[in-house]
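Protein sequences, first through last, are from chains C and Y. Going by my numbering, the letters in the first sequence line up with residues 1 to 313, in that order. Going by my numbering, the letters in the second sequence line up with residues 1 to 313, in that order.
Number of protein chains: 2
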Amino acid sequence: MSTFPQLDAFRGGNGVVRLVGHRGARGIMPENTMEGFEFTIGIGVDALEFDVVLTRDRVPVITHNHTLLGSATRHPDQAWIQEGDLKVSQMNFADLQALDVGGLDGETVYGKRFPDQAFLCNVRIPRLTDLLELANRPGMERVCLLLELKSDPEAKGDTLTQRDVVEAVLAEVREQNLEQRTLLHSFDWDLLDECRRQAPEMPTSFLSELPANLDGAGEESSKSVGPDYAALTTSLPQAVYSAGGQMWCPYFQDVSHDLVAEAHDLGLLVTTWTVNEIPDIERVIDAGVDGIVSDYPGRAQRCILSKGMHWEG
Amino acid sequence: MSTFPQLDAFRGGNGVVRLVGHRGARGIMPENTMEGFEFTIGIGVDALEFDVVLTRDRVPVITHNHTLLGSATRHPDQAWIQEGDLKVSQMNFADLQALDVGGLDGETVYGKRFPDQAFLCNVRIPRLTDLLELANRPGMERVCLLLELKSDPEAKGDTLTQRDVVEAVLAEVREQNLEQRTLLHSFDWDLLDECRRQAPEMPTSFLSELPANLDGAGEESSKSVGPDYAALTTSLPQAVYSAGGQMWCPYFQDVSHDLVAEAHDLGLLVTTWTVNEIPDIERVIDAGVDGIVSDYPGRAQRCILSKGMHWEG
Chain C
1 MSTFPQLDAF RGGNGVVRLV GHRGARGIMP ENTMEGFEFT IGIGVDALEF DVVLTRDRVP
61 VITHNHTLLG SATRHPDQAW IQEGDLKVSQ MNFADLQALD VGGLDGETVY GKRFPDQAFL
121 CNVRIPRLTD LLELANRPGM ERVCLLLELK SDPEAKGDTL TQRDVVEAVL AEVREQNLEQ
181 RTLLHSFDWD LLDECRRQAP EMPTSFLSEL PANLDGAGEE SSKSVGPDYA ALTTSLPQAV
241 YSAGGQMWCP YFQDVSHDLV AEAHDLGLLV TTWTVNEIPD IERVIDAGVD GIVSDYPGRA
301 QRCILSKGMH WEG
Chain Y
1 MSTFPQLDAF RGGNGVVRLV GHRGARGIMP ENTMEGFEFT IGIGVDALEF DVVLTRDRVP
61 VITHNHTLLG SATRHPDQAW IQEGDLKVSQ MNFADLQALD VGGLDGETVY GKRFPDQAFL
121 CNVRIPRLTD LLELANRPGM ERVCLLLELK SDPEAKGDTL TQRDVVEAVL AEVREQNLEQ
181 RTLLHSFDWD LLDECRRQAP EMPTSFLSEL PANLDGAGEE SSKSVGPDYA ALTTSLPQAV
241 YSAGGQMWCP YFQDVSHDLV AEAHDLGLLV TTWTVNEIPD IERVIDAGVD GIVSDYPGRA
301 QRCILSKGMH WEG
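Structure, rendered in structure tokens:
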């Protein structure tokens, strides 16, 4: 037993590698949608990663970009929105509900990255509360939430905004009594400090991506909100440990067997993202990670089984 | 309006190419399972292809092979069944219910063909009635069934067995009042004759695969139950038309623009199978088919959209 019971669902070892659906299952279903989360749970993957941003009227909603992705968002007439036009923090929740996020524009760089993603109509940006309510339905007791707090680069260092975001998210998690099935997860390590101040009863998960890696094509970068990696005087696992984190979530290209071992020696869990290609999935399993975040949870299930391992245990 | 209203759901043209989920969505979900059918409907693909075989106690069940596939079937203790051991026609429905068909053995030739297929536990071989009941639930009015009657090569030409299979299937379709949302579909053109005798109110769909094509690796072949293609004195569309069919379903490698045009001139619909790779999907769209049967319905949606077309209309 750990102090934080939800960590058990993310702990590997003894033939277990945990599996986390990335934004639901972005390779198969529209990202950050209830439809995608239900698909992921339906195939037996109970750990969900997703992104939370605050609307102007302070509703935590589940979407990745502060400025809505033109290649994944349609107006009510099904026309694609203009990239860069719609910023969540400047919209009310009711306005967001007019938009359809059920499909990708296959003509765009981002759309081409996920050619198997189904194309649905009349899919809405969910509220955080919608997913929390799903997790509280009967039979959903195993569902665990890797709740990524998105930090607006334009508000970086704005402690009032940070406090506000964390307060709004925590209020909903507490309202639904899900403090023991949620991890607070971010690239913004300062924001995670604020999380630990406001919710010492909840574990924190530290995302990292070394600057040499390229950002995902067509996506908002999270690099500017992360720590100054060049200024770190310790290893990443040591830095996460010193910052009070329970989980380290490195980009999969930044993972090695030695770093995983170092993190484990410090008592940290290691969950790596976003691992989609079979050779990469096999490599991070061999490196000893506790868990894998993938856009293709079915494919990752098969890779884990092919190693004689399982994602439950 | 056609005489058979269900044909409208399979008619292409005017920017529409129909989309049919193969065994549900075999590339993503376990084949011929309720979980797979629900996924396919959930992404907006309402036409379902699936296979029906009769148990010893005359229950029509949904599974592809007469002899259950070793690479897709587990005993209650999760051990894979021995290939060739379990023949559906020699088992009672209750015995089938002990088996788990939720996943593929990735070590097998067949399992390796579908590396993205999710791995589920406690998934049962459905009865035909289970799917018919799903199609009758509120909100499922658009669901159409391409019901493939599997003809046992060992019983080929056995008219009593054929009559029996058709009777059992029709009894259930009629019981659920789904004669106008179902097509009777087979490689065995003699069996389709029997269908037309017993159910003149329902359309028939003639599968074909020219002998030069290779069978799908790891699957039971349907070639021995088909017509003697070498002995045909007409084109395939002409042969289907002469046999009284409403739809011709050629293997995708056997499709050409000219054959599709010939079929259309005869008043036939053309639905081609099983089209999984993007260049193949694009080619059959360009050849003018009415519809596409795919293991990857999400991928096929995206290909259809990329041509400026849609699968609904």
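C-beta atoms are modelled at their ideal positions from N, C-alpha and C, and glycine is treated no differently.
Expressed to the nearest angstrom, what Euclidean distance is found between the alpha-carbon atoms of residue i and residue j?
i	j	result
residue 79/C	residue 103/C	12 Å
residue 124/Y	residue 270/Y	32 Å
residue 1/Y	residue 121/C	Because residue 1/Y sits at a pLDDT of 41, beneath the cut-off of 50, its placement in the model cannot be relied upon, and the following sentence gives the value as read from the coordinates. Computed Cα separation, rounded: 27 Å.
residue 192/Y	residue 306/Y	36 Å
residue 258/C	residue 277/Y	40 Å
residue 205/Y	residue 108/C	38 Å
residue 177/Y	residue 246/Y	21 Å
residue 207/Y	residue 69/Y	22 Å
residue 61/C	residue 25/C	18 Å
residue 215/C	residue 222/C	8 Å
residue 39/Y	residue 304/C	23 Å
residue 173/Y	residue 219/C	49 Å
residue 106/Y	residue 137/Y	35 Å
residue 170/C	residue 181/C	13 Å
residue 65/Y	residue 72/C	40 Å
residue 3/Y	residue 243/Y	17 Å
residue 187/Y	residue 74/Y	28 Å
residue 279/Y	residue 227/C	44 Å
residue 34/C	residue 256/Y	41 Å
residue 63/Y	residue 302/Y	28 Å
residue 53/C	residue 84/C	16 Å
residue 51/Y	residue 144/Y	14 Å
residue 323/Y	residue 41/Y	Shown here, chain Y extends from 1 to 313; a query on residue 323/Y therefore has no answer.
residue 139/C	residue 44/C	12 Å
residue 327/Y	residue 150/C	Residue 327/Y lies beyond the residue range present for chain Y, which begins at 1 and ends at 313; the question has no answer from this structure.
residue 129/Y	residue 175/Y	9 Å
residue 88/C	residue 298/Y	28 Å
residue 115/Y	residue 56/C	43 Å
residue 111/Y	residue 197/C	49 Å
residue 118/C	residue 101/C	12 Å
Closer than 7 Å by C-beta to residue i: which residues in its own chain qualify, once you throw out the five before and the five after it? Chain order, please.
i	result
residue 201/C	179
residue 98/C	76
residue 229/Y	210 and 211
residue 224/Y	153 and 156
residue 59/C	93 and 127
residue 237/Y	248, 259, 262, 263, 266 and 268
residue 49/Y	20, 21, 22, 23, 146, 148 and 293
residue 37/Y	24, 48, 131 and 134
residue 273/Y	22, 249, 251, 252 and 293
residue 91/C	55 and 56
I'd like the list of long-range same chain contacts for residue i, defined as Cβ closer than 8 Å, with 5 residues on each side in sequence excluded.
i	result
residue 18/Y	9, 10, 11, 12, 47, 271, 290, 291, 292 and 311
residue 16/C	309, 310, 311, 312 and 313
residue 81/Y	68, 70, 73, 74, 75 and 99
For residue i, collect the residues of the same chain with a Cβ closer than 6 Å to its Cβ; drop the 5 residues on either side in sequence, then sort them by chain order.
i	result
residue 254/Y	210
residue 300/C	19, 281, 292 and 294
residue 232/C	239
residue 195/C	166, 184 and 204
residue 199/Y	170
residue 251/C	209 and 213
Any C-beta of chain C within less than 9 Å: which residues of the segment 28-55 of chain Y qualify?
Of all residues in the segment 28-55 of chain Y, 28, 29, 35, 38, 39, 42, 43, 44 and 45 have a Cβ within less than 9 Å of some Cβ in chain C.
The segment 117-145 of chain Y: which residues have C-beta closer than 8 Å to a C-beta of chain C, in chain order?
Hits within the stretch, in order: 117, 118, 119, 120 and 121.
Against chain C, which members of the segment 296-313 of chain Y pass a CB distance test of less than 8 Å?
Here the close residues are 296, 297, 298, 299, 301, 302, 305 and 306.
Residues from the segment 4-27 of chain C in contact with chain Y, defined by Cβ distance under 7 Å:
The segment 4-27 of chain C vs chain Y, Cβ under 7 Å: nothing.
Return the residues of the segment 95-120 of chain Y that lie within a Cβ-Cβ distance of less than 7 Å from chain C, sorted by chain order.
Here the close residues are 106, 115, 116, 117, 118, 119 and 120.
According to a CB-to-CB cut-off of less than 8 Å, which residues of the segment 266-279 of chain C neighbour chain Y?
If the cut-off is 8 Å between Cβ atoms, the segment 266-279 of chain C has 278 near chain Y.
With a cut-off of 8 Å, do at least 3 Cβ pairs link the segment 157-167 of chain C to the segment 24-40 of chain C?
In the pairwise beta carbon analysis, the segment 157-167 of chain C is classified as not touching the segment 24-40 of chain C: fewer than three pairs are separated by under 8 Å.
What alpha helix (DSSP H) runs, 4 residues minimum, are completely inside the segment 161-226 of chain Y?
As for any alpha helix (DSSP H) of minimum length 4 sitting wholly inside the segment 161-226 of chain Y, the runs are 189-198, ordered along the chain.
Which runs of the alpha helix (DSSP H) spanning at least 4 residues fall entirely within the segment 241-273 of chain Y, listed in chain order?
Fully enclosed alpha helix (DSSP H) runs of no fewer than 4 residues occupy 257-265 of the segment 241-273 of chain Y, in order along the chain.
Could you give the uninterrupted runs of the alpha helix (DSSP H) lying entirely in the segment 20-51 of chain Y, keeping only those of 4 residues or more?
Counting only runs of 4 or more, we get 34-42.
Length at least 3, wholly inside the segment 119-161 of chain C: the beta strand (DSSP E) runs in chain order:
Counting whole runs of 3 or more residues, the segment 119-161 of chain C contains the beta strand (DSSP E) stretches 144-149.
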